[in-house]
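**Student:**
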Amino acid sequence: MHGRFQRADLAPEDFAVVSVHTVGEHLQILLRARCAMTFCPDCAGPCRRVQSRYLRRPWDLPIGGRRVSLVIEARRFWCDSVVCSRRVFCEPFDRDVLARYARRTARLETIVHQLGLALGGRPGAAFPRRLMMPVSKDTLLRVVRRRVSQQSGELTVIGIDDFAFRRGQTYGPIVCDLERRKPVTLLQDRALETSRTFLAAHPSIAVVARDRGGGYGEAIARGLPNAEQVADRWHLMENSSRAFLDAVGKSMRQIRHALGCNVIDPKLLTCVEKLQYEGYLRRQETNEAIQRLAKAGTSIRQIVRQTGHSRKLVRDVLRGQRLDVFRTRPSFLEQWLPWLNDRWDAGARNALALWRGMRSEGFTGQSGVVSQRAQRRRLAEKANQSGLARSRD
Ligand SMILES: [Zn+2]
1157 MHGRFQRADL APEDFAVVSV HTVGEHLQIL LRARCAMTFC PDCAGPCRRV QSRYLRRPWD
1217 LPIGGRRVSL VIEARRFWCD SVVCSRRVFC EPFDRDVLAR YARRTARLET IVHQLGLALG
1277 GRPGAAFPRR LMMPVSKDTL LRVVRRRVSQ QSGELTVIGI DDFAFRRGQT YGPIVCDLER
1337 RKPVTLLQDR ALETSRTFLA AHPSIAVVAR DRGGGYGEAI ARGLPNAEQV ADRWHLMENS
1397 SRAFLDAVGK SMRQIRHALG CNVIDPKLLT CVEKLQYEGY LRRQETNEAI QRLAKAGTSI
1457 RQIVRQTGHS RKLVRDVLRG QRLDVFRTRP SFLEQWLPWL NDRWDAGARN ALALWRGMRS
1517 EGFTGQSGVV SQRAQRRRLA EKANQSGLAR SRD
């Protein structure tokens, strides 16, 4: 079937084309709504009296390799209804053509949405540019998310987890829609029956993500026997990272020993570090005392009585959960310390000269780190000398 192409075919439904121009690389189409009247968004009464006009400039689908920008002459109307509280309103267009505040027509947005779904954010951003529809990676994601949140429908994939009404005091389950990334509801309490009743009332749920504790598992099994139970990524990561940190924490002392970075000269510590170091030594003493008692066969109860420490602390020490490592902030300088110490012992005291020497051998840090270090050593030496002087008195 052949039909003549008319200029009006360029415009979305309900719009008339006033003019078409090329502006640089773009095609600019000036449009106007066909209908002389509209309806008030508040009272839905018909309105004809125009208050003023303004321009909206949304992007539209490209034509012939050119981006298309629409210039729509929109109107503000008076609402003359006596019962309506609204006086003036902006002309609303059909949501399926141009939504309120939209920067793109609905038909362009549909394609952006599809690109977002197919390609994702960052990889998707380069492709629309070649299709003459440049949108940023953030826009792609925003459009996808907006469309998901606009969908209303039944719950199919949910997550259920604890929610604190008051931290440490009252908890209840929170149910989230994982497809729309939105909380659905907060249930009153963690009783099995409460969750079971909620789940049983939503038979459309097919997948439930939960923590690895058994509580919700049983509620799901009873409320939705056919639903699949999965552990969500957050809980898997949380569990594995805790296990990893525990394992590393227990062998940290040996690791630091092997690396040779647990040699600490208390004289070279700053005031704050010195305080921390003293605390560390105190904790070490406690740990060793408890372990000695345990090795001698003393029961936990007796250790608590003898040492005056809490039961939790004693248990933590015996389980190896209170192994402590003292470390100062890792510094650029660490690997240069032997070099620096050699020069220092040979009598080099000028920090700037030391830094120049280090830089010529490949050090990339600033001179400040070296002069700070020199200052500390100077103070330490002074303290030593005054200590010697005092002991001589
Ligand atoms: Zn009205």
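Using the working numbering, the first residue of the sequence shown is number 1157, and each one after it goes up by one. Just so it is clear, CB atoms sit at the ideal spot from N, CA and C, and this is done for glycine as well.
Quick one, are the C-beta atoms of Asp-1480 and Arg-1438 less than 8 Å apart?
**Tutor:** Counting from one through the sequence shown, the residue named residue 1480 turns up at place 324. Counting from one through the sequence shown, the residue named residue 1438 turns up at place 282. In this structure, Arg-1438 does not lie closer than 8 Å to Asp-1480 by Cβ.
**Student:** Using DSSP with H/G/I as helix, E/B as strand and the rest coil, what is Leu-1187?
**Tutor:** Position 31 of the sequence shown, counting from 1, holds the residue named residue 1187. Correct three-state label for Leu-1187: strand.
**Student:** Taking only three categories from DSSP, how would you classify Gly-1315?
**Tutor:** Numbered from its first residue, the sequence shown carries residue 1315 at position 159. Gly-1315 falls in the strand class under three-state DSSP.
**Student:** Can you find a heavy atom of ligand 1 that lies under 7 Å from the Cβ of Cys-1240?
**Tutor:** If you number the sequence shown from 1, residue 1240 lands on position 84. Yes, the Cβ of Cys-1240 comes within 7 Å of a heavy atom of ligand 1.
**Student:** Helix, strand or coil: how does DSSP classify Tyr-1372 here?
**Tutor:** Start at 1 with the first residue of the sequence shown, and residue 1372 comes out as number 216. The answer is helix: DSSP assigns Tyr-1372 an H, G or I state.
**Student:** Counting only runs that start and end within the region 1316-1361, where is the alpha helix (DSSP H) found for 4 or more residues in a row?
**Tutor:** 1348-1356
**Student:** Buried or exposed: Ile-1314, going by 16 or more other Cβ atoms within 10 Å of its Cβ?
**Tutor:** Working through the sequence shown from its first residue, we reach residue 1314 at position 158. Counting Cβ neighbours within 10 Å, Ile-1314 comes out buried, since at least 16 surround it.
**Student:** Can you say whether Met-1289 is buried or exposed, counting buried as having 16 or more other CB atoms within 10 angstroms of its CB?
**Tutor:** Within the sequence shown, the letter at position 133 stands for residue 1289. Answer is buried; the Cβ neighbour count reaches 16.
**Student:** Rounded to a whole number of angstroms, what is the C-alpha to C-alpha distance between Arg-1478 and Thr-1353?
**Tutor:** Translated into positions along the sequence shown, residue 1478 becomes position 322. Translated into positions along the sequence shown, residue 1353 becomes position 197. Each residue's alpha carbon lies about 43 Å from the other.
**Student:** Grab the span of the alpha helix (DSSP H) containing Tyr-1257 for me, first residue to last.
**Tutor:** To locate residue 1257, count along the sequence shown from 1; it is residue 101. No alpha helix (DSSP H) contains Tyr-1257, which DSSP labels as neither H nor E.
**Student:** Is the Cβ-Cβ distance between Leu-1187 and Ala-1200 less than 8 Å?
**Tutor:** Your numbering for residue 1187 matches position 31 in the sequence shown. Your numbering for residue 1200 matches position 44 in the sequence shown. Not closer than 8 Å, so no.
**Student:** Which residue's Cα is closest to the Cα of Pro-1202: Trp-1215, Glu-1229 and Phe-1245?
**Tutor:** By 1-based counting over the sequence shown, the position of residue 1202 is 46. Of the candidates Trp-1215, Glu-1229 and Phe-1245, the one whose C-alpha sits nearest the C-alpha of Pro-1202 is Phe-1245.
**Student:** Would you report the Cα separation of Arg-1205 and Val-1299, rounded to the nearest angstrom?
**Tutor:** Taking the sequence shown and counting its residues from 1, one reaches residue 1205 at position 49. Taking the sequence shown and counting its residues from 1, one reaches residue 1299 at position 143. If you take the alpha carbons of Arg-1205 and Val-1299, they lie about 35 Å apart.
**Student:** How about Phe-1233 and Gln-1207: do their beta carbons lie closer than 8 Å?
**Tutor:** For the purposes of this step, residue 1233 is taken as residue 77 along the sequence shown, with counting starting at 1. For the purposes of this step, residue 1207 is taken as residue 51 along the sequence shown, with counting starting at 1. With contacts defined as CB atoms closer than 8 Å, Phe-1233 and Gln-1207 qualify as a contacting pair.
**Student:** List the whole-angstrom C-beta distance separating Leu-1510 from Leu-1489, where the pair is believed to meet the contact cut-off of C-beta under 8 Å.
**Tutor:** For the purposes of this step, residue 1510 is taken as residue 354 along the sequence shown, with counting starting at 1. For the purposes of this step, residue 1489 is taken as residue 333 along the sequence shown, with counting starting at 1. With 8 Å as the limit, Leu-1510 and Leu-1489 do not qualify as a contact, their Cβ atoms being about 11 Å apart.
**Student:** Of the choices Thr-1442, Val-1291 and Leu-1425, whose alpha-carbon is the least far from that of Glu-1265?
**Tutor:** Stepping through the sequence shown from its first residue, residue 1265 is reached at position 109. The shortest Cα separation from Glu-1265 among Thr-1442, Val-1291 and Leu-1425 belongs to Val-1291.
**Student:** If you run the structure through DSSP and keep just helix, strand and coil, what is Pro-1218?
**Tutor:** Looking up residue 1218 in the sequence shown gives position 62. Strand, per DSSP.
**Student:** I'd like the list of long-range same chain contacts for Leu-1355, defined as Cβ closer than 7 Å, with 5 residues on each side in sequence excluded.
**Tutor:** Translated into positions along the sequence shown, residue 1355 becomes position 199. Counting only Cβ-Cβ distances below 7 Å, and skipping sequence neighbours, we find Ile-1361, Ala-1375, Ile-1376, Gly-1379 and Leu-1380.
**Student:** Under three-state DSSP, which class holds Ser-1175?
**Tutor:** Within the sequence shown, the letter at position 19 stands for residue 1175. Of the three classes helix, strand and coil, the one that applies to Ser-1175 here is strand, per DSSP.
**Student:** Roughly how far, in whole angstroms, is the beta-carbon of Glu-1229 from the beta-carbon of Arg-1209, given that I think they are within contact range, below 8 Å?
**Tutor:** The residue given as residue 1229 occupies position 73 in the sequence shown. The residue given as residue 1209 occupies position 53 in the sequence shown. Going by Cβ atoms, the distance from Glu-1229 to Arg-1209 rounds to 6 Å, so yes, they are a contact pair.
**Student:** Less than 8 Å between the C-beta atoms of Gln-1184 and Val-1227, yes or no?
**Tutor:** The residue labelled residue 1184 in the question sits at position 28 within the sequence shown. The residue labelled residue 1227 in the question sits at position 71 within the sequence shown. Yes, these two residues count as a Cβ contact at 8 Å.
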